[in-house]
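What follows is a short report on a single structure.
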Amino acid sequence: MRVFKVEGKYPLNGTIEVSGAKNSVVALIPAAILAGDVVVLENVPELSDVYALNTILNELNVQTTFENNTLTIDASNVRYKALIEGAVQELRASYYLMGAMLARYKEAIIGMPGGCYLGPRPIDLHLKGFQSLGAEVSIENGAYHLSAPNGLHGSKINLDIPSVGATINIMLAAVHATGITMIENAAKEPEIVDIATMLNNMGAKITGAGTDTIRINGVTTDAMHGCRHQVIPDRIEAGTYMVAAAIGVGEGMEVKVDNIIPEHMEAFLSKMEEAGVNMDVDLDSVTIRQSSPLQAVNVKTGVFPGFATDLQQPFTLLLTQANGASIITDTIYSARFKHVDELQRMGATIRNEASTGIVVGPSTLEGAKVTATDLRAGAAMVLAGLIAEGITEVHEIEHVERGYERIIKKLTNVGAKIWLEEI
Ligand code: EPZ
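Under my numbering, think of the first position of the sequence shown as 576, with each following residue one higher.
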């Protein structure tokens, strides 16, 4: 079994370069099949989810090469195939192949997607959107069957919840639908803007991404072509390393988290400031120095531009080091609190009630054997190890490897003591 071992209390100093956004790239890769041509993606993180999506594209006869964070996707000979098992079940984002294949082939069969357990994660809004565009949807033997024998047609779709996945999936499906599709109450996350930007560079006609109403004017397959696209920086990876810096920077030292877009993380940065983190926000970086004691703050996650649910777990760890009682509420995933038990194991005073975490700090953390129950919980455990007494052993690290490119190298470069071990 592979585990991360972290020896705590090494002061951090230096620069951490943020990679491209995982949650963008997992939709950009399926979107690339809409071109029937060559799409070159730059700033692509080396993550297991990216490799799994490449394997899926290869099954569709799409050639991929991935070198130096540049992914070349040649979909000139793309072929339809039902994707029932195998790589498709390794990650949740394989559901973007539903939208992309429905657009291109008017048909898709996709095995139930995997991914992190954060409580129930229905995809009813994706399916309702596809139905509204004219697709028939059924579930047979654990796979989604989608088909639109008469083609897809533009439609007005009002989402009950501004779901990131549903917004992207419907946008993908609607690229070739006849007429105009309007997605109302759309999600506004920066990743959605990134995907719309690439689709437009490929010949799609999408306006309004980043607002609550997205309008897609359907175009024919022939109107699409290849493009070169630079993936936006990963705001969640950036926030995770900012938490590491806020709790772990050495006296008289500084940690710069570089290659970011601060406008993508304003709610998070303002909570960091409220908690007393000593930081300078620049155009494309944030520099963090040792803070006077951190202060308790209350946080509620929300859809963009609110405080990202994906940063709730790392930020909870920061709150274990702040003076006083903090309440952190997750309004997106009420059950995203598995990290609470693990932090308790390390000595944090923290409890979970319904969709809140109640944290009383500051706590001295002790190294322990802990589990990365999901991606961001795992990141919180690694960060906890950085400030704990002794050695922390993080199990189930495959969750962490789904979302953090070269995490060991990035943390080692700034002075942390973390390594991979086979036990
Ligand atoms: C995306 O998941 C991200 N994943 C998640 O990142 C992130 O936590 C989430 O957005 C929220 O920002 C990817 O981009 C691959 P949603 P997604 O649809 O699209 C409910 C990470 O750590 N809902 O916006 O699945 C749902 O249950 C992760 O990187 C429905 O009820 O999130 C949730 O409560 C994990 N029906 C809320 O909406 C639906 O059909 C928001 O989910 C869809 C969603």
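C-beta: ideal position from N, C-alpha, C; glycine also. Note that the structure is predicted; figures quoted are calculated from it, not measured.
Indicate whether at least one CB of chain B lies closer than 9 Å to the CB of residue i.
i, result
"P688", "The question asks about chain B, but that chain is absent: this structure has only one protein chain."
What does DSSP give as the partner residues of residue i in its beta bridges?
i, result
"V856", "V861"
"I983", "The partner list for I983 (beta bridge, DSSP) is empty, contrary to what the question assumes."
"Y719", "I685, I714"
"T753", "H728"
"Q638", "D649"
"V615", "T647, R803"
"H970", "T946"
"I791", "T756, I781"
"Q870", "N898"
"E964", "E941"
"N733", "E759"
"K703", "DSSP, once it has assigned bridges, lists no residue as partnering K703."
"G936", "G899"
For residue i, is the classification buried or exposed, using 16 other Cβ atoms within 10 angstroms of its Cβ as the cut-off for buried?
i, result
"E838", "exposed"
"E642", "exposed"
"M921", "buried"
"R654", "exposed"
"G942", "buried"
"E980", "buried"
"A741", "buried"
"A798", "exposed"
"P697", "exposed"
"K985", "buried"
"S901", "buried"
DSSP state of residue i, grouped into three classes?
i, result
"I648", "strand"
"M833", "Reading off the sequence, residue 833 comes out as Asp, not Met. Note: D833 maps to strand in three-state DSSP."
"K992", "strand"
"A627", "helix"
"A929", "coil"
"I822", "helix"
"G589", "strand"
"F843", "helix"
"Q896", "coil"
"I608", "helix"
"S577", "Note on residue identity: the sequence assigns Arg, not Ser, to residue 577. Reduced to three states, the DSSP call for R577 is strand."
"F890", "helix"
"L658", "strand"
"E997", "strand"
"P697", "coil"
"E941", "strand"
"F882", "strand"
"P765", "helix"
State the CB to CB distance for the pair residue i and residue j, rounded to an integer number of angstroms; the pair is presumed to be in contact (CB under 8 Å).
i, j, result
"I947", "I966", "According to the sequence shown, residue 947 is Ala rather than Ile. In fact, because the Cβ distance is near 16 Å, the residues do not count as touching under 8 Å."
"L721", "L677", "5 Å"
"R679", "L616", "The Cβ separation is near 18 Å, so there is no contact."
"A602", "E766", "7 Å"
"Q870", "A850", "6 Å"
"V794", "H751", "7 Å"
"L702", "V818", "Rounded, the Cβ-Cβ distance is 36 Å, inconsistent with contact."
"L587", "V861", "Not really, about 14 Å apart at Cβ, beyond 8 Å."
"R810", "P889", "Not quite, the Cβ-Cβ distance comes to about 12 Å (not below 8 Å), so this is no contact."
"I903", "V874", "5 Å"
"I863", "A923", "Not quite, the Cβ-Cβ distance comes to about 21 Å (not below 8 Å), so this is no contact."
"G686", "Q706", "About 20 Å; that fails the 8 Å criterion."
"E917", "V945", "4 Å"
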